[in-house]
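Below is one structure, written out as structure tokens, with a few remarks after it.
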Amino acid sequence: MRIEIRNNSALLDGYVNAIARDSRPMLDENGEKFVEQICPKTFQRALEKSDAVLCLLNHEPSRVLGSTKQGNVELFEDNIGLRAICKITDSEVIEKAKNGKLRG
Numbered sequence: 125m126r127i128e129i130r131n132n133s134a135l136l137d138g139y140v141n142a143i144a145r146d147s148r149p150m151l152d153e154n155g156e157k158f159v160e161q162i163c164p165k166t167f168q169r170a171l172e173k174s175d176a177v178l179c180l181l182n183h184e185p186s187r188v189l190g191s192t193k194q195g196n197v198e199l200f201e202d203n204i205g206l207r208a209i210c211k212i213t214d215s216e217v218i219e220k221a222k223n224g225k226l227r228g
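If you count the sequence shown from 1, you need to add 124 to reach our numbering.
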């Protein structure tokens, strides 16, 4: 993830997930290992059906940082995977970005 501080905002740019690549090994309900792949166009089809996608801090529904509907979150699928570009104005996130404590 690339982080750029701009005046009173932070621009986050990076990949949410990759396509056509093996996942890390996972365990199923029986304890058996498996890997999965996301097929190309999966994210594109999901985005076409979605009204709004939220950007959350630490997956917390109470910490909405923006959305595609608000216009400060841009999502698109390319040949690598699902790319997200988010302009964040939340002061806590900007401070974490300035201090190198923000990870994606």
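Backbone N, C-alpha and C fix where the C-beta goes; we use that ideal spot for every residue, glycine too.
With DSSP run on the structure shown, which of helix, strand or coil describes A170? In this structure, A170 counts as helix in the three-state DSSP scheme.
Does the region 156-165 come close enough to the region 128-138 that 3 or more CB-CB pairs lie under 8 Å? Segments in contact, no.
Extent of the continuous alpha helix (DSSP H) to which K220 belongs: K220 -> alpha helix (DSSP H) spans S215 to K222.
What residue does the beta strand (DSSP E) around S133 start on, and which one ends it? It spans S133 to A142 - the beta strand (DSSP E) in which S133 sits, taken as one unbroken run.
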